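Top line first, the protein sequences correspond to chains A and B.
Per numbering that gives the first Met the number 0, the first sequence starts with residue 0, numbered consecutively.
Per numbering that gives the first Met the number 0, the second sequence starts with residue 0, numbered consecutively.
Virtual Cβ for every residue (Gly too), placed ideally from N, Cα, C.
On a predicted model such as this, the values are computed, not experimentally measured, just so you know.
Report on one structure; see the data block that follows.
Number of protein chains: 2
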Amino acid sequence: MHSQNLINIITDALPGLNKSETKVAQVILADPDAATSSSIATLAKKASVSEPSVNRFCKRFNATGFPDFKLKLAKSLVSGIRFVNRNVNPDDDVTSYTPKIFDSTINDLALVRDKISHTVVNSVVDKLIQAKRIYFFGLGTSGSVARDAENKFFRFNLPVSYHDDVLMMRMLASTGTTGDVFFVISHTGRTKEIIDVVQIARENGATIIALTSPGSPLAAISSISLDVDVPENTDEYMPMTSRIVHLVILDVLATGFTLRRGPDFLPHLEKIKNSLLPTRLKKDN
Amino acid sequence: MHSQNLINIITDALPGLNKSETKVAQVILADPDAATSSSIATLAKKASVSEPSVNRFCKRFNATGFPDFKLKLAKSLVSGIRFVNRNVNPDDDVTSYTPKIFDSTINDLALVRDKISHTVVNSVVDKLIQAKRIYFFGLGTSGSVARDAENKFFRFNLPVSYHDDVLMMRMLASTGTTGDVFFVISHTGRTKEIIDVVQIARENGATIIALTSPGSPLAAISSISLDVDVPENTDEYMPMTSRIVHLVILDVLATGFTLRRGPDFLPHLEKIKNSLLPTRLKKDN
DNA sequence: TTATTTACGTTATTTTCTTACATAATATAA
DNA sequence: TTATATTATGTAAGAAAATAACGTAAATAA
Numbered sequence: 000m001h002s003q004n005l006i007n008i009i010t011d012a013l014p015g016l017n018k019s020e021t022k023v024a025q026v027i028l029a030d031p032d033a034a035t036s037s038s039i040a041t042l043a044k045k046a047s048v049s050e051p052s053v054n055r056f057c058k059r060f061n062a063t064g065f066p067d068f069k070l071k072l073a074k075s076l077v078s079g080i081r082f083v084n085r086n087v088n089p090d091d092d093v094t095s096y097t098p099k100i101f102d103s104t105i106n107d108l109a110l111v112r113d114k115i116s117h118t119v120v121n122s123v124v125d126k127l128i129q130a131k132r133i134y135f136f137g138l139g140t141s142g143s144v145a146r147d148a149e150n151k152f153f154r155f156n157l158p159v160s161y162h163d164d165v166l167m168m169r170m171l172a173s174t175g176t177t178g179d180v181f182f183v184i185s186h187t188g189r190t191k192e193i194i195d196v197v198q199i200a201r202e203n204g205a206t207i208i209a210l211t212s213p214g215s216p217l218a219a220i221s222s223i224s225l226d227v228d229v230p231e232n233t234d235e236y237m238p239m240t241s242r243i244v245h246l247v248i249l250d251v252l253a254t255g256f257t258l259r260r261g262p263d264f265l266p267h268l269e270k271i272k273n274s275l276l277p278t279r280l281k282k283d284n
Numbered sequence: 000m001h002s003q004n005l006i007n008i009i010t011d012a013l014p015g016l017n018k019s020e021t022k023v024a025q026v027i028l029a030d031p032d033a034a035t036s037s038s039i040a041t042l043a044k045k046a047s048v049s050e051p052s053v054n055r056f057c058k059r060f061n062a063t064g065f066p067d068f069k070l071k072l073a074k075s076l077v078s079g080i081r082f083v084n085r086n087v088n089p090d091d092d093v094t095s096y097t098p099k100i101f102d103s104t105i106n107d108l109a110l111v112r113d114k115i116s117h118t119v120v121n122s123v124v125d126k127l128i129q130a131k132r133i134y135f136f137g138l139g140t141s142g143s144v145a146r147d148a149e150n151k152f153f154r155f156n157l158p159v160s161y162h163d164d165v166l167m168m169r170m171l172a173s174t175g176t177t178g179d180v181f182f183v184i185s186h187t188g189r190t191k192e193i194i195d196v197v198q199i200a201r202e203n204g205a206t207i208i209a210l211t212s213p214g215s216p217l218a219a220i221s222s223i224s225l226d227v228d229v230p231e232n233t234d235e236y237m238p239m240t241s242r243i244v245h246l247v248i249l250d251v252l253a254t255g256f257t258l259r260r261g262p263d264f265l266p267h268l269e270k271i272k273n274s275l276l277p278t279r280l281k282k283d284n
């Protein structure tokens, strides 16, 4: 609705504009792309107004002047075009569906990057630092995310495990106590089994961190929730990108964790890294 | 093809530039956003070169002049990719390391998006379509990727499994035959055990698809290799992004697969999707 | 109506960009 | 090596673009 797209802003403002401003707006809206590369004189002539009128028009829309306006207009056009262009069609071929899938993933990441609450991230890092042990829970696709998380966090010299089996989860939840952190990953946040398990762990005084969608039942009953608001994929052909976002958020948390531990901890990480060297073929042969 | 990002184009061209052009490039790359809104005089001063040098720089990159260059630069910046200093420093806090990690992931995705060979992607989809069964192999972090791949590909009504156990891999490889596809995921492509396993499968006439780095031993001995050239993470604090890229490439392959199967196949996917509904809490309560 | 505000254009000025040309640096051939 | 060609870069002029200052016209309110 209230997108920051300049074209939409102009369209919305159209009824409130005066004569010459309206003329300018019409010319711009008729061919915004041309407007971005034309001079103030050209545009003024096209709209049959004076150059300062065009300039005033620009300032009206929070630009410092005509060049600044063109810049903002150009930016609006790019994001708009990409957005429209992002769905995979049945008749797409490799050259078209490949960049589309990359673009939609990139777009979702950029969205979350700008929306994610740094305060919440910080609190989650706090809780992880305080944890005596961490369990990563996830079912289906989120199971892979949980597995990846284990692979990241075991490096911190801390009892860490991942689980994708509801019975196992249930048992662990029932033995959970203060100091245990259950890190629960779920795209929907509405899986009954998961909710059950979290409830049990909660009752035992464990900390629950949720990585899920905002407003979900899981988010509601967790100690703290990292909200990821990635639109549901309505398109049949389009893969789910939320798990990618989840992985990147876990990267962020792991980084926060490492930083909090301080530089004395780096040699430990280095040791783990080097432990894999003997399993690899040498580069020079 | 996909229009390459101007920033990447400049970065790539950097080694071939002459003195003053290099100066200009460095100033632009240091803060591209500032460059889009500064005058040619300001930029020339910052780079300690003359104004015409800046102008010539712009023309070198297929712009008609400085304003046109700024426009193109601005457009490049919109695509969600930010080019700030992307390294995490020990004294970074949440508000700085969070966007950095997102940005570096986004940047790597954009790079691969523009570099990946559509021909190879297409051939890999061909091979997957022809497969009688698919094994996804991966160790460590790549194990999670393999697990995710299984979760995607089992939907295609095809015997699919993932394995992160070298003994299991070895046994499966030894029984592999024509029609079997071994999809091997490895960031380095130099893990001895994996190379061994692939050799065995190869000798049995199976098809080996590698998702690994170009020029690696694994790429060399595979039937076909999807090259992912993501720079090694030299920074201690920066997480590995290659696995994210791998996941997106698997998304691309799954999409290619779905499209190749045609629209008759969609109801089957829908059925799988709906099978999960009973496990979820209703939205309205 | 007249006073007042607002809208708009003309002209002048400033800023920005580009062209033409000259000089310096570098590479190449003798 | 030196002479010559080539390329790189800067200076200065001028063209183009954008803005500011000002004045007149139109609209509105009293």
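**Prompt:** In or out: aspartate 30/A buried (at least 16 other Cβ within 10 Å) or exposed?
**Reply:** exposed
**Prompt:** Do you know offhand how far valine 180/B's Cα is from leucine 108/B's?
**Reply:** 26 angstroms
**Item:** Within 8 angstroms, strictly: CB atoms of isoleucine 223/A and isoleucine 208/A
**Value:** yes
**Item:** Contact list for the stretch 190 to 214 of chain A against chain B, Cβ threshold 8 angstroms
**Value:** Thr190, Lys191, Glu192, Ile194
**Prompt:** With burial defined as no fewer than 16 other Cβ atoms inside 10 Å of the residue's Cβ, what is the status of histidine 267/A: buried or exposed?
**Reply:** exposed
**Asked** Alpha carbon to alpha carbon, how far is alanine 46/A from lysine 74/B?
**Response** 25 angstroms
**Prompt:** Between the beta-carbon of proline 230/B and the beta-carbon of glycine 188/B, is there less than 8 angstroms?
**Reply:** It is not a contact, given that the beta carbons lie outside the stated cut-off.
**Request:** Could you please give me the residues that DSSP links to aspartate 179/B through a beta bridge?
**Result:** Arg132/B
**Asked** In chain order, what residues of the same chain lie with their CB nearer than 6 angstroms to the CB of leucine 249/A, ignoring the 5 residues before and after it?
**Response** Ala148
**Message:** For threonine 278/A and asparagine 7/A, what's the separation of their Cα atoms in angstroms?
**Reply:** 57 angstroms
**Request:** Using a threshold of 8 angstroms, state whether the C-beta atoms of valine 93/A and isoleucine 133/A are closer than that.
**Result:** Not closer than 8 angstroms, so no.
**Request:** Could you list the residues in the stretch 248 to 266 of chain B with a C-beta less than 7 angstroms from some C-beta on chain A, going in chain order?
**Result:** Asp250, Val251, Ala253, Thr254, Gly255, Thr257, Leu258, Pro262, Leu265
**Prompt:** Below 8 angstroms, can you find three or more Cβ-Cβ pairs linking the stretch 37 to 56 of chain A to the stretch 17 to 26 of chain A?
**Reply:** Counting C-beta pairs closer than 8 angstroms gives three or more between the stretch 37 to 56 of chain A and the stretch 17 to 26 of chain A, which meets the contact rule.
**Message:** Give me the chain B residues within the contact set of asparagine 4/A, using Cβ-Cβ distance strictly less than 8 angstroms, ordered along the chain.
**Reply:** Per Cβ cutoff of 8 angstroms: no residues; asparagine 4/A is ~11 angstroms from chain B at best.
**Message:** So asparagine 156/B and glycine 139/A are supposed to be a Cβ contact under 8 angstroms. How far apart are they, rounded?
**Reply:** Actually they are not in contact, since the Cβ atoms of asparagine 156/B and glycine 139/A sit about 18 angstroms apart, beyond 8 angstroms.
**Prompt:** Where does the unbroken beta strand (DSSP E) through leucine 225/A begin, and where does it stop?
**Reply:** 223 to 226
**Prompt:** Closer than 7 angstroms, Cβ to any Cβ of chain A: which residues of the stretch 27 to 38 of chain B, in chain order?
**Reply:** Taking 7 angstroms as the upper bound on Cβ-Cβ separation, chain A lies near residues Thr35, Ser36 of the stretch 27 to 38 of chain B.
**Asked** With aspartate 163/B and alanine 145/B assumed to form a contact (beta carbons below 8 angstroms), what rounded beta-carbon distance in angstroms separates them?
**Response** 6 angstroms
**Asked** Taking Cβ positions, are aspartate 67/A and serine 36/B nearer each other than 8 angstroms?
**Response** In contact: aspartate 67/A and serine 36/B (Cβ atoms closer than 8 angstroms).
**Sequence-distant residues of its chain with Cβ nearer than 7 angstroms to aspartate 154/B (five each side left out)** = Looking at the sequence shown, residue 154/B is not aspartate but arginine. Excluding residues within five positions, the ones whose Cβ falls inside 7 angstroms are Leu268, Ile271.
**Item:** Separation of lysine 191/A from lysine 281/B, as counted between CA atoms
**Value:** About 10 angstroms.
**Message:** With DSSP as the reference, identify every bridge partner of arginine 279/B, one or two as the case may be.
**Reply:** According to DSSP, arginine 279/B bridges with Thr190/A.
**Request:** Indicate the three-state DSSP secondary structure (helix, strand or coil) for valine 87/A in the structure shown.
**Result:** Coil.
**Request:** Give the residues of chain B in contact with aspartate 91/A, contact being defined as C-beta atoms less than 7 angstroms apart.
**Result:** Leu258
**Message:** Here's the rule I'm using: 16 or more other beta-carbon atoms within 10 Å means buried, otherwise exposed. How should asparagine 84/A be labelled?
**Reply:** With a pLDDT of 49 at asparagine 84/A, under the threshold of 50, the modelled position of that residue is not reliable, and the figure given next carries that caveat. So asparagine 84/A ends up on the exposed side.
**Request:** Just grab the DSSP bridge partners of threonine 97/A for me.
**Result:** The partner list for threonine 97/A (beta bridge, DSSP) is empty, contrary to what the question assumes.
**Message:** Between arginine 132/A and chain B, is the shortest Cβ-Cβ distance under 8 angstroms, so that the two count as touching?
**Reply:** no
**Message:** Would leucine 280/B pass as an interface residue toward chain A - the criterion being a Cβ-Cβ separation below 8 angstroms?
**Reply:** yes
**Request:** Any chance you could list the alpha helix (DSSP H) runs of at least 4 consecutive residues sitting entirely within the stretch 24 to 73 of chain A, in chain order?
**Result:** Taking only runs of at least 4 residues, the alpha helix (DSSP H) segments lying wholly in the stretch 24 to 73 of chain A are 31 to 35, 39 to 45, 50 to 59.
**Prompt:** If you drop the 5 nearest sequence neighbours on each side, which residues of the same chain put their C-beta closer than 6 angstroms to that of glycine 178/B?
**Reply:** Lys131
**Prompt:** Taking Cβ to Cβ, would you say leucine 127/A is nearer than 8 angstroms to leucine 252/A?
**Reply:** It is a contact, given that the beta carbons lie within the stated cut-off.
**Request:** Please say whether valine 48/A and phenylalanine 65/A have beta carbons closer to each other than 8 angstroms?
**Result:** no
**Message:** With a threshold of 8 angstroms between beta-carbons, can asparagine 121/B be considered close to chain A, or not?
**Reply:** Among the residues facing chain A, asparagine 121/B is included, as its CB has a counterpart in that chain under 8 angstroms away.
**Request:** Starting from alanine 205/B, follow its DSSP beta bridges and name the residues at the other end.
**Result:** Answer is none; alanine 205/B lacks a bridge partner.
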